[in-house]
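Visitor: If you read the sequences in order, they're chains H and P.
Numbered per my numbering, the first sequence spans residues 136 to 401.
Numbered per my numbering, the second sequence spans residues 56 to 362.
Got a structure here, written out as structure tokens. Questions coming.
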Amino acid sequence: MHEHPDDYIKPELMACCGAREISDGNVVLVGTGFPTMSANIAKHTNAPYATLMQESGVYDARPTRPALSVGDPCLNPGAAMIGGLVDVMAMFLQAGWVDVGFLSGSQVDKFGNINTTVIGDYDNPTSRLPGSGGANPIGSLAKKILIIALHDTRRLAERIDFITTPGYIDGPGAREKAGLPPDTGPEVIITNKAVMRFDSGTKEAYLATYHPDSSVDEIAALTPWDLKVADDVHETEPPRAEELRVIREILDPFGMIKIYEGRGYV
Amino acid sequence: MPMDEAIKQHVNSGDFLFIGGYVCRTPFAAIHEIIRQGKKDLTITRGNASDDFDMMIGAGVVKRFIGTFLSLGLYGLGRCYRRSIEKEIPHKIEIEEYTNLSLPMMLLAGSMGMPFVPVKDMAGSDLLNVKSFMGENKYKMIDSPFDGSPTLLVPALNPDVAIIHVQQADESGNAQIWGIGGDCKVGANAAKKVIVSCERIVSREVIGKDPSRTIVPDFKVAAVVEEPFGAHPGYTPGFYDVDFFFGSQYQQASNTVEGFEEFLNEWVFGLQDRKAYIQHYIERFGYGVFKKLEAGFDYGYPVSYAY
């Protein structure tokens with residue numbers, strides 16, 4: 136049995152949920168923040184032979200401080216390979232070599248579609264967001280997509296204003312019909328309240344596990360679609376002592392992960 | 056040649072510019088000079104745009120943006136970019152949106168003289184439902200002539216001018232980089248001519264010590280400008296770190312139109328060139344802060360090209 140200390144914060148739990156989705160030997164394309172943290176926890180625990188790459192052109196970086204962007208200078212010294220966007224996004228991702236892609240979204244819907252483009256009308260938006268960047272190709276072409284999101288009725292939506300990155304689009308068969316590669320798509324949505332997975336038949340996100348201080352009822356109330364609940368729904372396993380040790384002693388000694396609490400990940 | 060001359064001679068209002076950089080090696084000295092010279096109606100492009108594109112948009116020099124993404128990274132959404140789109144301040148730019156796969160591939164196609172290139176992303180997304188100034192030529196969906204499968208084609212891009220910042224170049228323009236590449240190599244080679252801004256000008260002999268690092272050959276290069284600290288507040292591997300402190304200053308200033316204008320007056324219009332910029336930085340924040348950005352030094356493993 137694993138030991139589960141109870142002094143963890145929610146972002147640490149979310150990072151651990153991400154780590155547990157990564158299998159040994161996986162090639163993982165990461166952004167900064169949760170994705171990097173999760174992939175590195177995995178490397179130190181369940182997936183020592185997983186390798187990471189950043190879209191900016193870096194493969195298997197060995198940073199000695201947490202990278203604050205995918206272009207961070209600390210990714211350069213010690214990396215196994217440095218090229219550019221064409222190398223990572225085309226030669227590796229488009230060519231089918233990336234096992235896991237890790238995304239976050241301003242808005243996520245029940246089919247795992249993600250909006251990072253606009254809130255409101257495209258031509259006259261209420262809020263102009265950054266755009267796709269690498270998100271669309273990662274969501275289109277990585278074999279398994281992990282999504283990180285805040286769990287409230289604004290960030291999660293029945294339908295989103297703009298599909299920047301396709302999940303299962305409008306249901307079963309839609310990815311294939313659109314011309315996206317077979318056997319790709321979102322695997323999980325990890326929120327500050329729950330872990331949701333996708334039904335193999337309907338392609339809708341359902342509640343798989345609820346985090347320790349949450350409940351099925353609370354999550355249903357915070358989810359703006361008719362959320363199905365797994366027959367074996369249960370509490371999310373809290374961070375293990377070993378996972379917390381890796382986060383606090385090796386990956387993030389200055390506790391930068393705490394900034395996510397300020398962003399609502401509580 | 057000095058930066059003001061390079062921009063005067065080689066960048067015209069209305070031009071289509073590729074501007075290299077990815078936090079890494081952003082040609083900020085050139086960007087400030089473009090703003091100082093009041094160029095107008097530029098079309099700008101690169102994958103993953105950041106504070107430099109935000110500043111140009113806020114300064115009103117941009118008409119069109121062929122982009123994938125624009126944010127201030129750690130500091131959140133691009134304030135000037137948002138004001139332009141949401142409130143038409145100083146005016147609304149036109150955007151044609153692609154991704155960090157498709158846009159670099161369009162530049163790659165341009166660099167290789169190919170008319171278009173197939174890409175596997177964007178399918179099933181709303182990126183295919185929004186078209187701006189490129190109209191029907193934003194993309195074409197065809198049945199593959201080989202197996203009949205639906206295939207997305209995107210057009211090649213050939214900017215009028217590419218502006219890149221590199222670690223070193225020789226006087227004729229052979230330009231060398233190391234570290235994160237972004238779309239710098241494809242963007243530079245797709246352009247009709249290149250302005251190379253560099254940390255140091257070295258001899259042709261030094262270039263020849265490690266020629267595999269050269270990303271643009273001199274025959275494509277129209278101007279070489281030695282501009283130490285030229286990527287600040289971005290970084291240049293082996294020379295200086297990202298200036299996170301200055302990044303937050305820009306974010307705070309650009310929160311309001313007034314703050315942004317003050318920032319431009321202080322850091323762009325009030326200074327005649329990069330030398331004055333460095334001087335001002337030291338006077339404003341102290342030599343210690345400036346010196347702290349300087350990279351340590353680590354000799355790479357020497358490579359041998361001997362035979």
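Glycine residues also receive a C-beta, built at the ideal position from the N, C-alpha and C atoms.
(1) Residue 140 (chain H) lies in the alpha helix (DSSP H); which residues open and close that run?
(2) Which residue comes first and which comes last in the alpha helix (DSSP H) that contains residue 171 (chain H)?
(3) For residue 226 (chain P), which residues in the same chain have their Cβ closer than 7 Å to its Cβ, ignoring the five residues on either side in sequence?
(4) Where do the ends of the beta strand (DSSP E) carrying residue 188 (chain H) lie?
(5) If you follow the alpha helix (DSSP H) that residue 59 (chain P) is in, where does it begin and where does it stop?
(6) Report the three-state DSSP secondary structure of residue 278 (chain H) (helix, strand or coil).
(7) Which of helix, strand or coil does DSSP assign to residue 214 (chain H)?
(8) Looking only at C-alpha atoms, which of H:292, H:367 and H:378 sits nearest to residue 356 (chain H)?
(9) Nearest CA to the CA of residue 189 (chain H): which residue from H:200, H:171 and H:305?
(10) Return the residue from the list P:172, P:163, P:207 and P:169 that minimises the CA-CA distance to residue 183 (chain P).
(11) Applying the criterion that 16 or more other CB atoms from any shown protein chain within 10 Å of the CB defines a buried residue, is residue 288 (chain P) buried or exposed?
(12) As an exercise, report each continuous alpha helix (DSSP H) stretch of at least 4 residues that is fully enclosed by the segment 236-283 of chain P, in chain order.
(13) Would you grab the beta carbon distance between residue 328 (chain H) and residue 349 (chain H) for me? Rounded to a whole angstrom, and I think it's under 8 Å.
(14) State yes or no: is the C-beta of residue 74 (chain P) within less than 8 Å of the C-beta of residue 99 (chain P)?
(15) Quick one: which chain P residues come within Cβ less than 7 Å of residue 297 (chain H)?
(16) For residue 397 (chain H), which of helix, strand or coil comes out of DSSP?
(17) What residues from chain H crowd round residue 51 (chain P), counting only those whose CB sits closer than 8 Å?
(18) Using the beta-carbon of each residue, which ones in chain P are nearer than 7 Å to residue 265 (chain H)?
(19) Considering only residues of the same chain and omitting the five flanking positions on each side of residue 196 (chain H), which have a CB-CB separation below 6 Å?
(20) Mind checking if residue 204 (chain P) is an interface residue toward chain H, Cβ cutoff 8 Å exclusive?
(21) When DSSP labels each residue in this structure, what does residue 250 (chain H) get in the three-state scheme?
(22) Leaving out five residues before and five after residue 206 (chain H) in sequence, what residues of the same chain have Cβ atoms less than 7 Å from its Cβ?
(23) Is residue 392 (chain H) near residue 147 (chain H), with beta carbons less than 8 Å apart?
(24) Looking at residue 281 (chain H): is its Cβ nearer than 8 Å to the Cβ of residue 319 (chain H)?
(25) Excluding five sequence neighbours on each side, which residues of the same chain lie with their C-beta closer than 8 Å to the C-beta of residue 396 (chain H)?
(26) Taking the beta strand (DSSP E) that residue 136 (chain P) belongs to, which residues open and close that run?
(27) In chain H, what lies closer than 8 Å to residue 311 (chain P) by C-beta?
(28) Under 7 Å between beta-carbons, which chain P residues line up against residue 220 (chain H)? List them in chain order, please.
(29) Could you work out which residues of chain P lie near residue 226 (chain H), taking near to mean beta carbons separated by less than 7 Å?
(30) Quick one: which chain P residues come within Cβ less than 8 Å of residue 193 (chain H)?
(31) Could you say which of P:58, P:307, P:166 and P:250 lies nearest to residue 131 (chain P) if we only look at CA atoms?
(32) Give a single yes or no on whether residue 237 (chain H) has its beta carbon closer than 7 Å to a heavy atom of the ligand MG.
(33) Per DSSP, which one or two residues make a beta bridge with residue 319 (chain P)?
(34) Could you tell me the distance, in whole angstroms, from the CA atom of residue 295 (chain P) to the CA atom of residue 149 (chain P)?
(35) Return the first residue and the last residue of the alpha helix (DSSP H) that residue 74 (chain P) is part of.
(36) Do you know how far the Cα of residue 163 (chain H) is from the Cα of residue 388 (chain H)?
Guide: Straight from the coordinates:
(1) Residue 140 (chain H) -> no alpha helix (DSSP H), and no H or E assigned at all.
(2) 169-179
(3) 256 and 279
(4) 186-189
(5) 58-65
(6) coil
(7) coil
(8) H:292
(9) H:171
(10) P:207
(11) buried
(12) 239-245 and 259-262
(13) 5 Å
(14) yes
(15) 181
(16) helix
(17) With chain P running from 56 to 362 in the structure shown, residue 51 (chain P) is simply not present.
(18) 124, 125, 126 and 132
(19) 210 and 214
(20) yes
(21) strand
(22) 191
(23) yes
(24) no
(25) 144, 145 and 146
(26) Not the beta strand (DSSP E): residue 136 (chain P) falls in the alpha helix (DSSP H), residues 134-142.
(27) Here the premise fails: no neighbours, minimum Cβ distance about 17 Å.
(28) 102, 155, 159, 237 and 238
(29) Under the 7 Å cutoff, chain P gives no residues; its nearest Cβ is about 11 Å from residue 226 (chain H).
(30) 235
(31) P:307
(32) In terms of ligand content, the structure shown is empty, and the ligand MG therefore cannot be addressed.
(33) None; residue 319 (chain P) has no bridge partner.
(34) 34 Å
(35) From DSSP, residue 74 (chain P) is part of no alpha helix (DSSP H) but of the beta strand (DSSP E) over 71-74.
(36) 23 Å
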